[in-house]
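Numbering (the working numbering), first residue to last: 2 to 598.
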Amino acid sequence: MTFSKLRPLPRLVSHLRPLGRMLQVHNDASSHVVRPDWHTITDGRWNKGLSFTIEERQRLGVHGLWPCSIRNMEEQLYAVGINFQARKDNISKFTYINSLAQRHQRLFYRFLRDYTEAVLPVIYTPTVGEIITSFGLHFKYPDGLYITIFDRGHIRDVLTNWKAKHVRALCVTDGGRVLGLGDMGANGMGISIGKIALYTALAGVPPDQLLPVCLDVGTDNEELLGDPLYVGARIKRVRGAEYEDFVNEFMEAAVDTFGTDTFIHHEDFATPDAIKFLKKYQYSYCCFNDDVQGTGATGLAGMLNVERVTKRKLQDMVFLFAGAGSAALGIANMLLTALKRRGLTSEEAASKIYLFDQNGLVTCASEKIEAQARKFAKPMDPIKDLAAAVDHLKPSILLGATGVGALFTEQVLRSLAKHQERPAVFALSNPTNRTECTAEQAYNFTEGRVLFCSGSPFPPVVFNGKRFTPAQANNCLVFPGIALGAICARARFLPDDVYSEVAVTLAKRTSEERLAAGSLYPAIKEAHSLALDVGVTVCQYLFENDLSNIYPVPKDVCEFVQKTQYRLVYESALPPTWPYPDFPACQGKDCKAKPLL
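In structure tokens form, the structure reads like this:
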């Protein structure tokens, strides 16, 4: 029998796993053949590969389709690791790991969880930037939903086409400003898929509850419009009222389809749109913007650890932000909130924070200032040169979120070190070729005194015989846990204060040993356990502030969260069985079976 002639048969419990097998009787009444359940090997959700036991293979009718050997999860992880390392470059590794996600879902997530440090740079920054740039070349599977501007009036119809019907969270982008790459149009789907994968691998959110979405409203990227492999709408990006109405219809359709407390994660919208939509939807939806709020919580956590190392209070420091986009403004506003919670007025807190954009230092005389940035404008003469601004302001912390590679020159870094005993440098731009400076440059040009962190990973640096381990200020340390907490608590909305609590949790998880080695954040390999801590923090905050739709409030929040998590272990592929007693034969006088006719 050829593969093309086989038909999938009903499963006894279709919404859990392929169970049992229907007996098909051939014309020869003496032969009973169990037809194969092809779902077990073609659907990555159920496939266990060589971990199927002999009994499972026989009962499911797939015996002989694998070699006779049986491997447990650890042995299969070893095989995946060998295959992964055999690939010579990150693009090849991405292709391999992406195919694993399609054919063997649970093993993929387990590999990502157990080997986060090795796999994260492949499926997330910095490699994801290369994948997004050439997304059409790598596109193979429908991993999410593409909703185009031409679907207006029918967005709910598109959402109902998704294969899973119990979605609890969506990660949505319009590709307006992806990483440091600019307008990537429908290629932005790559970032939504990458983020969603980390929800499951790091925070244990069940994958069938998650949906990546790309809102395709066109692109102004001429290279993409002229690329024969581009997968999106070949139109100029739609803007204005038509665009905003489209996004609004999507938000309404999402909660109408999946529930009013559906977690909606906005990702890589252009800065004006990101800030506008966050302001519009934050308190009417369970809405989260990782570029603003996730980055803000991550950045604030690093600053709290600068405070731990230097023994100087944040309210006594000066902060210079290179960049005035969503990431820089997100951190600046989170810092502003933290300073106000320490007793400073809004004006006093804002006076500590300076912004430097493409036109120079943001002053009251600057033109075209974003509304969110206006409160940080200073009544002073303009300064066009970053090194001059550093020399004049003497900041304690210099933060870059510009997407401009090598912005922090030797002159900038030496000027910073001249005025601070332990200067702090946050070079947060992604991918690696767009970071403001490398770890080696930061340590060399500050005589090894810098407290350095970056958005992309850098190897350890040895300076004057001392080994420094640069920390990665990666949002993956917070956003999976934020999603986990909001989903578990069925949050009605997420106020700004919850992200301050997340920042404190992240900062506390950084050990003294890490700080002594120059690391301002926990190691990326701790992201899985950290996600649970962040999820519990978010849940606890939502319960205490009556922002949850869960009633009654659970007594043990940590246990409550853990019970919702996706299990990265194999379970039996066979239906459960249980014993029944042997019923006695009928003893009455009328029990004797009589002929029907």
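Don't be surprised by glycine CBs; every beta carbon is placed ideally from N, CA and C.
Note that the coordinates shown come from a computational prediction; the quantities given were computed from them, not determined experimentally.
Which two residues bound the contiguous alpha helix (DSSP H) that contains residue i?
{"i": "Pro273", "result": "272-282"}
{"i": "Ile124", "result": "117-124"}
{"i": "Leu543", "result": "528-545"}
{"i": "Phe259", "result": "241-259"}
{"i": "Ile338", "result": "A small correction: the amino acid at residue 338 is Thr; Ile does not occupy that position in the sequence shown. First-last of the alpha helix (DSSP H) with Thr338: 327-342."}
{"i": "Val363", "result": "Premise fails: Val363 is in no alpha helix (DSSP H) and is neither H nor E."}
{"i": "Leu485", "result": "480-490"}
{"i": "Ala601", "result": "As displayed, the chain neither begins before 2 nor continues past 598, which places residue 601 out of reach and without an answer."}
{"i": "Val554", "result": "Where Val554 is concerned, there is no enclosing alpha helix (DSSP H), given that its DSSP letter is neither H nor E."}
Which residues bound the beta strand (DSSP E) around residue i?
{"i": "Ala574", "result": "Ala574 -> no beta strand (DSSP E), and no H or E assigned at all."}
{"i": "Lys467", "result": "467-469"}
{"i": "Ala351", "result": "Counting along the chain, Ala351 falls outside any beta strand (DSSP E), though it belongs to the alpha helix (DSSP H) covering 347-351."}
{"i": "Tyr444", "result": "Where Tyr444 is concerned, there is no enclosing beta strand (DSSP E), although the alpha helix (DSSP H) it sits in stretches over 440-445."}
{"i": "Leu230", "result": "Run containing Leu230: none; DSSP gives neither H nor E here."}
{"i": "Pro213", "result": "211-217"}
{"i": "Asn290", "result": "288-290"}
{"i": "Ser455", "result": "452-455"}
{"i": "Leu400", "result": "398-401"}
{"i": "Val405", "result": "Counting along the chain, Val405 falls outside any beta strand (DSSP E), and DSSP gives it neither H nor E."}
{"i": "Val63", "result": "Looking at the DSSP string, Val63 is not in any beta strand (DSSP E), and its letter there is neither H nor E."}
{"i": "His267", "result": "264-267"}
With burial defined as no fewer than 16 other Cβ atoms inside 10 Å of the residue's Cβ, what is the status of residue i: buried or exposed?
{"i": "Glu513", "result": "exposed"}
{"i": "Cys288", "result": "buried"}
{"i": "Ala102", "result": "buried"}
{"i": "His167", "result": "exposed"}
{"i": "Trp579", "result": "exposed"}
{"i": "Asp583", "result": "exposed"}
{"i": "Arg178", "result": "buried"}
{"i": "Gln442", "result": "buried"}
{"i": "Cys438", "result": "buried"}
{"i": "Val562", "result": "buried"}
{"i": "Asp257", "result": "exposed"}
{"i": "Ala325", "result": "buried"}
{"i": "Thr149", "result": "buried"}
{"i": "Ile370", "result": "buried"}
{"i": "Ser520", "result": "buried"}
{"i": "Val463", "result": "exposed"}
{"i": "Ala87", "result": "exposed"}
{"i": "Ala517", "result": "exposed"}
{"i": "Tyr282", "result": "buried"}
What does a CB cutoff of less than 6 Å around residue i pick up in its chain, not counting 5 residues either side in sequence?
{"i": "Thr565", "result": "Cys489"}
{"i": "Phe446", "result": "Glu411, Leu414, Arg415"}
{"i": "Tyr542", "result": "Val499, Glu502"}
{"i": "Gly406", "result": "Asn434, Arg435"}
{"i": "Leu225", "result": "Gly186, Tyr231"}
{"i": "Ala165", "result": "Asp209"}
{"i": "Tyr581", "result": "none"}
Below 8 Å on the Cβ atoms is my contact criterion, and I expect residue i with residue j to pass it. Report the Cβ-Cβ distance as a whole number of Å.
{"i": "Ala532", "j": "Ala204", "result": "4 Å"}
{"i": "Leu340", "j": "Val293", "result": "Between Val293 and Leu340 the Cβ distance is about 18 Å, and since that is not below 8 Å, they are no contact."}
{"i": "Ile265", "j": "Ala255", "result": "6 Å"}
{"i": "Pro213", "j": "Ile197", "result": "5 Å"}
{"i": "Ala474", "j": "Phe427", "result": "6 Å"}
{"i": "Ala418", "j": "Glu448", "result": "6 Å"}
{"i": "Pro383", "j": "Thr364", "result": "5 Å"}
{"i": "Ile398", "j": "Met335", "result": "Not a contact, Cβ separation roughly 13 Å."}
So, for residue i: in the same chain, excluding its five sequence neighbours on each side, which residues have a beta-carbon less than 8 Å away from its beta-carbon?
{"i": "Leu507", "result": "Ala298, Thr299, Ala302, Leu478, Val479, Tyr522, Pro523, Leu531, Val535"}
{"i": "Ser285", "result": "Phe494"}
{"i": "Ile92", "result": "Thr128, Glu131, Ile132"}
{"i": "Thr174", "result": "Gly189, Met190, Ile192, Ser193, Val214, Cys215, Leu216, His267, Glu268, Asp269, Phe270"}
{"i": "Asp291", "result": "Lys196, His266, His267, Glu268, Asn476, Phe480"}
{"i": "Asn222", "result": "Gly183, Asp184, Met185, Gly186"}
Output needed for residue i: all residues of its chain with C-beta closer than 7 Å, excluding positions within five of it in sequence on either side, in chain order.
{"i": "Pro127", "result": "Asn431, Pro432, Thr433, Ser457"}
{"i": "Ala202", "result": "Tyr110, Leu113, Arg114"}
{"i": "Ser31", "result": "Reliability of the predicted coordinates at Ser31 is poor, the pLDDT of 41 falling under 50, and the value obtained from them is presented with this limitation in mind. The answer is none, since no qualifying residue turns up."}
{"i": "Ala528", "result": "Thr117, Leu203, Cys477, Leu478"}
{"i": "Arg104", "result": "Gly45, Asn48"}
{"i": "Ser327", "result": "Thr272, Ala275, Ile276, Asp292, Val293"}
{"i": "Ala484", "result": "Ala170, Tyr200, Ala204, Val206, Phe264, His266"}
Less than 7 Å between CB atoms is the rule here; does residue i satisfy it with respect to chain C?
{"i": "Glu243", "result": "Structure shown: chain C not included; a single protein chain is present."}
May I ask you to verify whether the stretch 260-280 touches the stretch 300-318, counting CB pairs closer than 8 Å and requiring at least 3? no
Does the count of Cβ pairs from the stretch 136-146 and the stretch 184-198 closer than 8 Å reach three? yes
Is the stretch 156-163 touching the stretch 118-133 in the sense that three or more CB pairs, one from each, lie closer than 8 Å? no
Is it true that the stretch 40-53 meets the stretch 543-559, where meeting means three or more beta-carbon pairs spaced less than 8 Å apart? no
Would the stretch 311-331 and the stretch 353-364 be scored as touching if the rule is three or more Cβ pairs under 8 Å? yes
Cβ contact check for the stretch 44-58 and the stretch 67-80: 3 or more pairs under 8 Å: yes
For the pair the stretch 257-266 and the stretch 237-247, tell me if three or more CB-CB distances fall below 8 Å. no
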